[in-house]
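Trainee: Right, I'll just put the structure down here and ask away after.
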Amino acid sequence: GAGVSQTPSNKVTEKGKYVELRCDPISGHTALYWYRQSLGQGPEFLIYFQGTGAADDSGLPNDRFFAVRPEGSVSTLKIQRTERGDSAVYLCASSRTKGLREGGSYNEQFFGPGTRLTVL
Amino acid sequence: EDKVVQSPLSLVVHEGDTVTLNCSYEVTNFRSLLWYKQEKKAPTFLFMLTSSGIEKKSGRLSSILDKKELSSILNITATQTGDSAIYLCAVDTSYDKVIFGPGTSLSVIP
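Each protein sequence line maps, in turn, to chains A and B.
Last residue of the first sequence: 1352 (this note's numbering), numbering continuous.
Last residue of the second sequence: 108 (this note's numbering), numbering continuous.
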């Protein structure tokens, strides 16, 4: 079956502009994660959705960042008034778990190919 | 603050060498330790470790967790050029959050 897909694969924008990054998770996966990865660093957690709701958005760096998942499937990460420091690869991952808090072991996260955002 | 540390950050070896990658962590509510391989963009899952001292093995790759020392190692024997990648260590917490380390960039030269 299809894996996690992300669009666009590359996005170049100017400082101050608004961007939207899209993630299509694996069908049936209820959990969706957004990460940001800068050069030479590991993925940094941004936000986690369980279904339609954001279960944990503690990783969003500031109020310029916002993410939605209105129907519990596709998610959009929105960045307002972009800054050069926002340049990074934005990774999305999904997993089939209904909630890790319900116990049991880690449910593997399947990653998309990422969107490389460059803010000039 | 929760953190995951990896060493070395980069490594260059010749084909056929054996390498050991290190990971240590300080997190609250540890649930499991994960290893991922990242080529190009998307990380791919290698291992999940929850119990100390039990080795997980997949082909030439193996990994073990030491919960007393809050650390793990990933071994790759008889390295091949196709093993060149960034190897990410991460910790899954009971807060539904996965915390990644900075990765070890491995280059295997012929």
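Positions of the beta carbon are idealized from the N, C-alpha and C atoms, including for glycine.
Keep in mind the model is a prediction, meaning the values are calculated, not measured.
#1: Which residues in the same chain as SER1307 of chain A place their Cβ atom closer than 8 Å to its Cβ, once the five residues preceding and following it in sequence are excluded?
#2: Please check if any C-beta of chain A sits within less than 9 Å of the C-beta of THR26 of chain B.
#3: Quick check on the burial criterion: 16 or more other C-beta atoms within 10 angstroms. Buried or exposed for GLN1269 of chain A?
#4: PHE43 of chain B touches chain A at which residues, Cβ-Cβ below 7 Å?
#5: Mind the definition here: the region 35 to 47 of chain B touches the region 1 to 18 of chain B only if three or more C-beta pairs lie below 8 Å; say whether that holds.
#6: Counting only the same chain and skipping the five closest in sequence on each side, list residues whose C-beta sits under 8 Å from that of THR48 of chain B.
#7: Any C-beta of chain B sitting closer than 9 Å to the C-beta of SER1259 of chain A?
#8: For SER1241 of chain A, count the other beta carbons within 10 Å of its own beta carbon; 16 or more makes it buried, fewer makes it exposed. Which is it?
#9: Relative to the C-alpha of THR42 of chain B, which candidate in A:GLN1341, A:VAL1244 and A:LEU1349 has its C-alpha closest?
#10: I'd like to know if the region 1235 to 1251 of chain A and the region 1314 to 1321 of chain A are in contact, where contact means that at least 3 CB-CB pairs between them fall below 8 Å.
#11: Less than 9 Å between CB atoms is the rule here; does GLY1331 of chain A satisfy it with respect to chain B?
#12: What are the boundary residues of the beta strand (DSSP E) that includes SER113 of chain B?
#13: For SER50 of chain B, collect the residues of the same chain with a Cβ closer than 7 Å to its Cβ; drop the 5 residues on either side in sequence, then sort them by chain order.
Mentor: Result, derived from the coordinates:
#1: The residue given as residue 1307 of chain A occupies position 75 in the first sequence. Correct list, in chain order: ARG1254, CYS1255, PRO1257, LEU1264, TRP1266, PHE1281, ALA1299, VAL1300, ARG1301 and CYS1324.
#2: For this step, residue 26 of chain B is matched to residue 28 along the second sequence. By this cut-off, THR26 of chain B is not an interface position.
#3: The residue given as residue 1269 of chain A occupies position 37 in the first sequence. Counting Cβ neighbours within 10 Å, GLN1269 of chain A comes out buried, since at least 16 surround it.
#4: The count along the second sequence starts at 1 and reaches residue 43 of chain B at position 45. Residues of chain A passing the Cβ test: GLU1340.
#5: no
#6: Start at 1 with the first residue of the second sequence, and residue 48 of chain B comes out as number 50. If we look at THR48 of chain B and ignore the five residues flanking it on each side, its Cβ neighbours are ARG29, SER30, LEU31 and LEU63.
#7: Position 27 of the first sequence, counting from 1, holds the residue named residue 1259 of chain A. No, because no Cβ of chain B sits closer than 9 Å to the Cβ of SER1259 of chain A.
#8: Within the first sequence, numbered from 1, the residue matching residue 1241 of chain A stands at position 9. The residue is exposed, with fewer than 16 neighbouring Cβ atoms inside 10 Å.
#9: Taking the first residue of the second sequence as 1, we reach residue 42 of chain B at position 44. It is A:GLN1341 whose Cα lies nearest to the Cα of THR42 of chain B.
#10: yes
#11: Mapped onto the first sequence, residue 1331 of chain A falls at position 99. With a pLDDT of only 47 at GLY1331 of chain A, under 50, the local geometry of the prediction cannot be trusted, and the value read off the model is given with reservation. Closer than 9 Å to some Cβ of chain B, the Cβ of GLY1331 of chain A qualifies, so yes.
#12: Given that chain B is displayed from residue -1 to residue 108, the structure contains no residue 113 of chain B and the question cannot be resolved.
#13: As a position in the second sequence, residue 50 of chain B is number 52, starting the count at 1. Answer for SER50 of chain B: LEU63, ASP64, LYS65 and LYS66, listed in chain order.
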